[in-house]
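Trainee: Starting off with a structure, shown below.
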Amino acid sequence: MYRYDEFDARLVHERAEQFRGQVARRLAGELTEDEFKPLRLMNGLYLQLHSYMLRIAIPYGTLNARQLRKLAFIARKFDRGYGHFTTRQNLQLHWARLPDVPDMLLELAEVEMHCLQTSGNCVRNITADPFAGAAADEIEDPRILSEILRQWSTLHPEFSFLPRKFKIAVSGSSADRAAIMVHDIGIEILRNARGEIGYRVFVGGGLGRTPFIGHEIGSFVPKSDILAFLEAVMRVYNESGRRDNIHKARIKILVHQIGIEEMRRRVENEFAEIKKTGVLQLPQTEMTRIAAYFAPPNFATLSPANADFEAAKRDNRDFANWVKTNIHAHKIPGYAIATISLKAIGETPGDCSSDEMDGIADIMDAFGQAEIRVTHEQNLVLPHMREADLFALWQRLAALNLATANYGLVTDIIACPGLDYCDLANARSIPIATAIAKRFADLERQHDLGELKIKISGCINACGHHHVGHIGILGVDRKGVENYQILLGGSGAEDASLGEILGPGFDREGIVDAVENVIDTYKNLRSDSERFLDTYRRVGAQPFKERLYAR
Amino acid sequence: MPQVLTANRLVVGEVVYWNGARGWVPRLQDAEVLADSEAESTLARAAEWVQKREVVAPYLFDVRLEHGVVMPVKVREAIRAAGPTVRLDLGKQSV
Amino acid sequence: MLVKAGRIAEDSFTPVADGEELPDAPVIVSLKRFLAEHDSILARRQPLGVRLESGESPQELQPYLSELAVVVLHIPAFRDGRAFSAARLLRTRLGYGNEIRLTGHFLLDQIAFYTRVGVDAFDVAPNISVADIQTALHEISDVYQPSVDGRVTIRDLRTRRTTVPPS
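Chains as they are written, first to last, in this note's numbering: chain A, 120 to 670; chain B, 756 to 850; chain C, 2 to 168.
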């Protein structure tokens with residue numbers, strides 16, 4: 120993974136000290152809250168429902184054990200002993216105190232971490248496929264480009280006060296495990312007919328009040344041109360994005376209003392101008408230099424079939440179940456990609472205690488795992504496990520209650536913090552998630568249902584990604600009472616689609632039954648082992664509407 | 756509709772409520788319930804406390820009185836007064 | 002208070018509202034007025050400044066830039082970041098070399114960014130000192146991105162470095 124050199128390190132240390140100065144000015148009254156707010160936001164510090172919330176950047180979701188232990192330490196010392204992994208691969212601490220934050224930033228700087236640009240109208244955390252470097256279908260590790268973009272976008276002098284936030288995601292293959300189609304800029308790494316690697320760039324995707332799937336704006340941008348191309352997009356957006364209405368300020372609105380053809384024309388004009396100067400050309404030497412940080416670990420030559428592993432599955436039903444869902448094939452024989460579910464039945468999705476973080480860090484050391492990944496679905500991934508070690512891994516995870524065998528299943532629910540924590544929320548999301556998880560806890564039933572992604576947001580800002588849930592749930596405020604709308608048929612993968620609202624919402628008592636009715640309808644209609652999403656796409660909303668609303 | 760004035764403490768971020776005599780208090784039950792006629796002027800005077808760097812983001816919210824107990828009309832304020840409903844060991848409810 | 006090149010500067014320009022008579026002195030006029038009256042204004046042979054509002058494009062000044070002593074960028078609210086692109090455009094493609102002055106609502110903490118993209122004069126609130134500005138400009142030593150100021154980037158520094166980076 121990327122390691123800071125003296126320049127990166129100095130920047131995050133200076134940034135921490137800069138914020139210390141800003142906090143001091145705030146507390147001394149030299150800055151009003153209006154003046155301080157953008158400064159604290161650009162260091163990821165929000166004022167939430169109960170307290171300050173600090174959002175820590177985890178670039179493209181990658182952490183090492185030392186960093187994980189530091190997060191555990193910071194959560195214990197300065198917060199309430201836990202953190203929440205988000206749908207942008209970041210970590211949130213919900214109980215920060217303003218005067219502690221500069222010290223927290225300094226602790227983070229010690230392990231090459233920061234909170235830069237995790238909020239504010241600037242380029243946010245660059246997210247990428249959590250299976251990077253391990254997936255067999257990968258063209259190139261998306262984190263190489265992600266790191267280059269991280270540096271390019273950090274404290275960018277021209278683009279730190281955009282009309283609104285800007286989110287970029289990178290996928291390393293045609294399979295989209297980073298939800299690139301619903302980002303302001305989504306980048307797919309691919310090969311052209313000549314076998315050269317380049318980038319397919321999408322613009323104007325996004326969720327929230329007005330969801331959109333991104334449009335292709337560059338079918339094959341060569342590597343050397345990517346920074347110039349992205350600057351062109353950013354400049355057009357900075358100049359022309361709406362600033363009169365916060366709800367119409369994202370780039371997706373600009374693309375929608377002027378059309379993708381006009382957007383492409385403007386971007387290409389600007390791109391041509393930038394190219395003339397040659398200033399943003401990305402040399403191959405730089406790509407190679409950054410790529411070296413993401414060189415794969417020394418993989419051993421292992422046999423693809425491991426007798427002990429097979430025996431363990433035969434002898435231990437629980438282990439076999441865990442393997443079935445939480446293990447994915449690795450590109451190297453004898454290795455496996457292991458998902459640690461943070462969706463224990465009845466627990467807050469994505470939450471992880473300091474003890475759990477320390478326990479996971481110990482596990483990483485025990486199995487020689489240099490890295491762990493945070494996914495945009497609020498789970499963790501150990502990308503390079505040896506198959507031979509999986510049983511021992513599972514046992515250790517089970518001892519920590521981290522072996523829930525539900526990746527991708529109905530209880531692997533994505534939920535934003537919602538009204539339990541968030542100042543913007545209209546309804547609670549976490550108790551809905553836990554209630555649904557409890558209803559469907561039976562593992563056999565879960566396996567029978569297969570892949571079923573439920574995503575819950577507590578307000579229209581859609582941090583729970585409800586628009587791209589197979590079943591999406593949106594919490595709203597209906598005359599002061601929490602109410603939940605169901606959307607069906609969304610997908611955040613390469614077959615991206617936006618969920619369709621089924622009908623009137625349900626209250627807290629009714630929503631879990633409603634979800635169960637939706638799922639029962641699927642079961643009655645599915646052919647063979649069709650996923651929920653595929654059945655919905657085949658039969659449409661009508662049967663579900665009838666089941667839920669016909670009287 | 757009776758209202759209560761609330762804000763967050765600048766330094767620790769804690770939710771507090773306005774009680775004319777006692778200043779900013781942590782418990783909703785100790786808050787001053789404001790009649791329509793006085794709510795807006797009380798909010799305006801909160802600017803002074805913002806200026807003094809005691810609190811940030813003051814605002815009014817609706818309450819009703821049930822047998823003398825101050826009940827927020829909206830779920831949001833009930834949660835804000837108590838703590839996360841999914842972690843009863845955190846927030847004001849745990850004290 | 003006008004700050005230029007790290008010190009307080011004399012402001013010899015008078016901003017004049019649309020419709021008001023122009024004094025016989027250096028003035029700053031709105032873009033709208035300048036475009037409507039440019040012949041007569043330029044004929045005055047006094048140093049001249051034109052003020053751009055957010056959203057007005059510097060492109061419109063392109064034919065006249067060599068005649069302008071000052072381009073004023075007015076910031077209506079610090080969140081409005083269009084002037085960063087406007088300053089950059091003036092300095093690069095439009096080749097403007099005289100003063101770019103920032104006025105209106107901007108933060109001390111934005112001055113470093115504005116300086117990088119080519120703003121060289123700041124109309125600051127009275128509570129901001131030259132020392133404050135110097136501190137703000139030097140809080141972050143190195144920069145990742147190339148910009149108008151031509152500053153050496155971290156990538157350049159890395160290339161120059163002869164020792165092996167820490168691993």
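Just so it is clear, CB atoms sit at the ideal spot from N, CA and C, and this is done for glycine as well. Model, not experiment: these values are computed from the prediction.
Is it true that the CB of A/I308 sits closer than 9 Å to the CB of A/G314?
Mentor: The answer is no: Cβ separation not under 9 Å.
Trainee: With DSSP as the reference, please indicate the residues paired to B/M826 in a beta bridge.
Mentor: The partner list for B/M826 (beta bridge, DSSP) reads B/R819.
Trainee: Output the residue ranges of the alpha helix (DSSP H) runs that lie fully inside the stretch 469 to 544 of chain A and measure 4 residues or longer, sorted by chain position.
Mentor: Segments of the alpha helix (DSSP H) lying fully in the stretch 469 to 544 of chain A: 473 to 485, 509 to 518.
Trainee: Which bits of chain A does C/Q146 rub up against, with CB to CB less than 7 Å?
Mentor: Correct list: W271, H275, P276.
Trainee: Just tell me which of A/G469, A/S473, A/M476, A/R505 has its CA closest to the CA of A/F486.
Mentor: Of the listed residues, the one whose Cα sits closest to A/F486 is A/R505.
Trainee: Consult DSSP for A/Y641 and reduce its assignment to one of helix, strand or coil.
Mentor: Three-state DSSP puts A/Y641 in a helix.
Trainee: Taking beta-carbon pairs under 7 Å, can you tell me which members of the stretch 151 to 183 of chain A lie near chain B?
Mentor: Listed in sequence order: E152, L166, L168, H169, S170, Y171.
Trainee: Of all the residues that make up the stretch 128 to 139 of chain A, which are near chain C by a beta-carbon distance shorter than 8 Å?
Mentor: From the stretch 128 to 139 of chain A, only R129, L130, E133, R134, E136, Q137 have a Cβ closer than 8 Å to chain C.
Trainee: If you check the beta carbons only, do B/V810 and B/N763 fall under 9 Å apart?
Mentor: In contact: B/V810 and B/N763 (Cβ atoms closer than 9 Å).
Trainee: Assign A/R188 to one of two classes, buried (16 or more other C-beta atoms within 10 Å of its C-beta) or exposed (fewer than that).
Mentor: Per the 10 Å Cβ criterion, buried.
Trainee: Going by the CB atoms, is the gap between A/I175 and A/G202 shorter than 9 Å?
Mentor: It is a contact, given that the beta carbons lie within the stated cut-off.
Trainee: At least one CB of chain A closer than 9 Å to the CB of B/T840: is that the case?
Mentor: Yes, its Cβ sits closer than 9 Å to a Cβ of chain A.
Trainee: Closer than 8 Å, Cβ to any Cβ of chain B: which residues of the stretch 464 to 492 of chain A, in chain order?
Mentor: Under the 8 Å Cβ criterion, the stretch 464 to 492 of chain A contributes T467.
Trainee: Given this structure, state the Cα-to-Cα distance separating A/L190 from A/G163, to the nearest angstrom.
Mentor: About 15 Å.
Trainee: Enumerated in chain order, which unbroken segments of the alpha helix (DSSP H) with a length of 4 residues or greater are wholly contained in the stretch 71 to 151 of chain C?
Mentor: The qualifying runs are 83 to 92, 112 to 117, 131 to 139.
Trainee: For the beta strand (DSSP E) containing A/F280, list its first residue and its last residue.
Mentor: Careful: A/F280 lies outside any beta strand (DSSP E) and carries neither H nor E.
Trainee: From the DSSP output, in three-state form, read off C/M2 for me.
Mentor: Three-state DSSP puts C/M2 in coil, outside helix and strand.
Trainee: So if DSSP puts A/H447 in a beta bridge, which residue, or which two residues, is it bridged to?
Mentor: BP columns for A/H447 point to A/I456.
Trainee: Restricting to runs no shorter than 4 residues, where is the alpha helix (DSSP H) found entirely within the stretch 181 to 205 of chain A?
Mentor: Listed in chain order, the complete alpha helix (DSSP H) runs (minimum 4 residues) inside the stretch 181 to 205 of chain A are 184 to 197.
Trainee: Could you give the distance in angstroms between the alpha-carbon of C/R8 and the alpha-carbon of B/F816?
Mentor: Cα to Cα, the separation comes out at about 49 Å.
Trainee: Pick out whichever of A/K664, A/H566, A/F138 has its Cα sitting closest to the Cα of A/S648.
Mentor: The shortest C-alpha separation from A/S648 is found at A/H566.
Trainee: Specify whether the stretch 222 to 238 of chain A and the stretch 464 to 474 of chain A touch according to this definition: at least 3 beta carbon pairs, one from each stretch, less than 8 Å apart.
Mentor: Because the criterion of three Cβ pairs below 8 Å is not met, the stretch 222 to 238 of chain A and the stretch 464 to 474 of chain A do not touch.
Trainee: Pull up the DSSP beta-bridge partners for A/T246, would you.
Mentor: BP columns for A/T246 point to A/A288.
Trainee: Might you give, ordered along the chain, the residues of its own chain that have their beta carbon closer than 6 Å to the beta carbon of A/R369, omitting 5 neighbours on each side?
Mentor: Counting only Cβ-Cβ distances below 6 Å, and skipping sequence neighbours, we find R283, G325.
Trainee: Quickly, what does DSSP pair A/F105 with across the bridge? List them, please.
Mentor: The question about residue 105 of chain A has no answer, for chain A in this structure spans 120 to 670.
Trainee: Contact criterion: CB-CB distance below 9 Å. Does C/A113 meet it with respect to chain A?
Mentor: Closer than 9 Å: yes.
Trainee: Mapping DSSP to helix, strand and coil, what is C/P59?
Mentor: Looking at C/P59 - three-state DSSP - the assignment turns out to be helix.
Trainee: Helix, strand or coil: which one does DSSP assign to C/I29?
Mentor: If DSSP states are grouped into helix, strand and coil, C/I29 belongs with the strands.
Trainee: For A/S343, would you say it is in contact with chain C, using Cβ-to-Cβ distances shorter than 9 Å as the test?
Mentor: Chain C, which has no Cβ nearer than 9 Å to the Cβ of A/S343, makes this no.
Trainee: Output, in chain order, the set of chain A residues within a Cβ distance shorter than 7 Å of B/R831.
Mentor: Within 7 Å Cβ-Cβ: L538.
Trainee: C/V131: beta carbon under 8 Å from a heavy atom of the ligand FMN?
Mentor: You won't find the ligand FMN in this model; it holds no ligand whatsoever.
Trainee: To the nearest angstrom, report how far apart A/T420 and A/P452 are at their CA atoms.
Mentor: Between A/T420 and A/P452, the C-alpha separation is close to 8 Å.
Trainee: Residues of chain E with CB under 9 Å from C/I141, in chain order?
Mentor: No chain E is present in this structure, whose protein chains are A, B and C.
Trainee: Using 8 Å as the threshold, is the stretch 618 to 626 of chain A in touch with the stretch 659 to 668 of chain A, meaning 3 or more CB pairs across them?
Mentor: In short, these stretches touch, since the Cβ pair count reaches three.
Trainee: By the 9 Å beta-carbon criterion, what residues does the stretch 195 to 219 of chain A contribute toward chain B?
Mentor: Against chain B - using a Cβ distance shorter than 9 Å - the residues of the stretch 195 to 219 of chain A are R199, Y201, H213, W214, A215, R216, L217, P218.
Trainee: When you compare the CB of B/R782 with every CB in chain A, is at least one pair closer than 9 Å?
Mentor: B/R782 does not count as touching chain A.
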